[in-house]
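First the structure, in the form of structure tokens, and then the observations on it.
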Amino acid sequence: MRKTRRVVVTGLGVVAPNGIGKDAFWQNLIAGKSAVDWITAFDPTPFPCRIAAEVKNFRPEEFMSRRQAKEIWRFSQFAVASARMALEDAKFEITPANAHQVAACFGTCVSGVEKTEESHIAFLNNGYPAVPANSCTEYSTHAPVSYVSIEFGIKGPTMTLASGCSTGLDVIKWGCDQIRDGNVSAVIAGSTEAPLAPFCFAAFCAIQVLSKRNQTPTKASRPYDFHRDGMVLGEGGGAVVLESLDSAQDRGAPIYAEVLGYGIASEAVHLRKVDLSGSALVHAIRQALGDAQLTPSDIDYINSHGNSLPDYDLCETNAFKAAFGQQAYSIPISSIKSMIGQPIAASGTFQAIASALTIRHGIIPPTINYETPDPDCDLDYVPNRARVSRVRHAMTNAHSLGGTHSVLVLGKPEN
187 MRKTRRVVVT
197 GLGVVAPNGI
207 GKDAFWQNLI
217 AGKSAVDWIT
227 AFDPTPFPCR
237 IAAEVKNFRP
247 EEFMSRRQAK
257 EIWRFSQFAV
267 ASARMALEDA
277 KFEITPANAH
287 QVAACFGTCV
297 SGVEKTEESH
307 IAFLNNGYPA
317 VPANSCTEYS
327 THAPVSYVSI
337 EFGIKGPTMT
347 LASGCSTGLD
357 VIKWGCDQIR
367 DGNVSAVIAG
377 STEAPLAPFC
387 FAAFCAIQVL
397 SKRNQTPTKA
407 SRPYDFHRDG
417 MVLGEGGGAV
427 VLESLDSAQD
437 RGAPIYAEVL
447 GYGIASEAVH
457 LRKVDLSGSA
467 LVHAIRQALG
477 DAQLTPSDID
487 YINSHGNSLP
497 DYDLCETNAF
507 KAAFGQQAYS
517 IPISSIKSMI
527 GQPIAASGTF
537 QAIASALTIR
547 HGIIPPTINY
557 ETPDPDCDLD
567 YVPNRARVSR
577 VRHAMTNAHS
587 LGGTHSVLVL
597 GKPEN
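All residue numbers for the sequence shown refer to my numbering, where the first residue is 187 and numbers rise by one.
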């Protein structure tokens, strides 16, 4: 990242399986409460996996007009709702005077798969007259950021990213670059996903990456545990307000964290298979630390990808050991996916928000369901209970299908 302007996080918005709003999200994280349950979005009985982390009790009309709530598809609803909460949290008002100085970037990977599937079935059964007129615009991956810009009057650059599970970190990088280049003074950066539809779910079942612990849903996602058997799909949306430090100070805005560094690298091995050496993640970690002008000993906490897939968790562990050396054994590492599942594009933003709250409150969320240690995954995963700890620098990493690794470093704001 270019360092011409310092960038800080001033607002957080969350629509997550474990809570709507940053406070509910955070309280349930530090309580170690799982949001995984039997699927209600559709009948899961034909599938080998019947559990997921759904967003429940979400009322879109609380964040937009009733007309919009009826027309806008679920993944875009998550985006608008989380953006509104982030802006309100930051006390940031977008006006005609500053609209061109605000940008927006949202990411999503499966976009409007739920309604697209319904529209496709209607088309197959009854031809094109049965397809809803809004299908052409609503299914688009660019719909969420478009709705955000329209809803809040954002007239600066808008961008959509889709880089798998790394998306939620990559949107923050894009936003930081916009601010550091002097293009804008603030960015709404977020990601959203609503993948809980039969066809999409069937595709994940087909590649055999989902846990089959249907009888004990809250125990299903168990990163780094010896008996982990796959990930749990999740959904939701998150957003952060990024500002130049000067802008935030001029407004007297509350600052959660400063964005210090970012790294990205690819394995270039296989779309699904993982390079267990973790060499790409090692490169991304070193790049992020160099960008932040920090050393391995400066990292106080890692909010890890930790998706409960055996090879992914092992890849991460090996990379942490290679990047941090003996220091890896003394850095607390935890995975919030043990509680909220894997919401694909939204996961990185949720992790970044959790990291910012960890820095603010000095509490590290646990990795729940860590019951039987894996001798190959032998680091400190903060098992089962939150931990009070002073965190000055937090690292967050994400790993996408296809072998992309993204790493973000946040720092405690200076007084």
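Beta carbons are placed, not taken as given, at the ideal position from N, Cα and C, and that holds for glycine.
These figures come from a predicted structure and were not determined experimentally.
From the DSSP output, which residues share a beta bridge with residue i?
i, result
"CYS563", "ASP560"
"VAL577", "The partner list for VAL577 (beta bridge, DSSP) is empty, contrary to what the question assumes."
"GLY197", "VAL427"
"CYS291", "MET345, ALA375"
"LEU419", "GLN528"
"ILE519", "ILE488"
Quick check on DSSP: helix, strand or coil for residue i?
i, result
"ILE225", "coil"
"TYR410", "coil"
"GLN528", "strand"
"ASN583", "strand"
"GLU659", "No information on residue 659 is available, as it lies outside the stretch 187 to 601 that the chain covers here."
"GLU279", "coil"
"PRO569", "strand"
"SER332", "helix"
"SER592", "strand"
"THR535", "helix"
"GLU379", "strand"
"GLY361", "helix"
"ALA439", "coil"
"THR481", "coil"
Excluding sequence positions up to five away, which residues of its chain have a Cβ less than 7 Å from the Cβ of residue i?
i, result
"ILE554", "GLY218, SER220, SER524, MET525, ASN570"
"PRO496", "ARG414"
"ALA514", "PHE506, LYS507, LEU565"
"VAL395", "GLY416, MET417, LEU495"
Could you spell out the range, first to last residue, of the alpha helix (DSSP H) harbouring residue i?
i, result
"THR323", "321-324"
"GLY476", "465-478"
"CYS501", "496-510"
"ASN311", "299-312"
"GLN401", "First-last for GLN401: undefined, no H or E at that position."
"ASN493", "It is not in any alpha helix (DSSP H) - ASN493 carries neither H nor E in the DSSP assignment."
"CYS391", "384-392"
I'd like the list of long-range same chain contacts for residue i, defined as Cβ closer than 6 Å, with 5 residues on each side in sequence excluded.
i, result
"LEU446", "ALA478, VAL595, GLY597"
"VAL455", "ASP461, GLY589"
In the DSSP assignment, find the beta strand (DSSP E) that holds residue i and state where it starts and stops.
i, result
"ALA443", "443-452"
"THR344", "344-347"
"ASN489", "487-489"
Is there a Cβ of chain D sitting closer than 8 Å to that of residue i, yes or no?
i, result
"ALA380", "In summary, chain D is missing from the structure at hand, where a single protein chain is found."
I'd like the list of long-range same chain contacts for residue i, defined as Cβ closer than 8 Å, with 5 residues on each side in sequence excluded.
i, result
"ASN243", "ILE206"
Below 8 Å, how does it come out for the region 428-436 and the region 368-381: are there three or more Cβ pairs, yes or no? yes
Count the C-beta pairs between the region 331-341 and the region 289-301 that are closer than 8 Å, then say yes if the count reaches three, no if not. yes
Three-pair Cβ contact test at 8 Å for the region 206-214 versus the region 381-397: no
Does the pairing of the region 483-503 with the region 571-583 give three or more beta-carbon distances under 8 Å? yes
Do three or more CB pairs link the region 190-203 to the region 262-279 at distances below 8 Å? yes
Are there three or more Cβ pairs, one per stretch, closer than 8 Å when the region 236-252 is compared with the region 436-444? no
With a threshold of 8 Å, are at least 3 pairs of Cβ atoms found where one atom belongs to the region 306-326 and the other to the region 542-558? no
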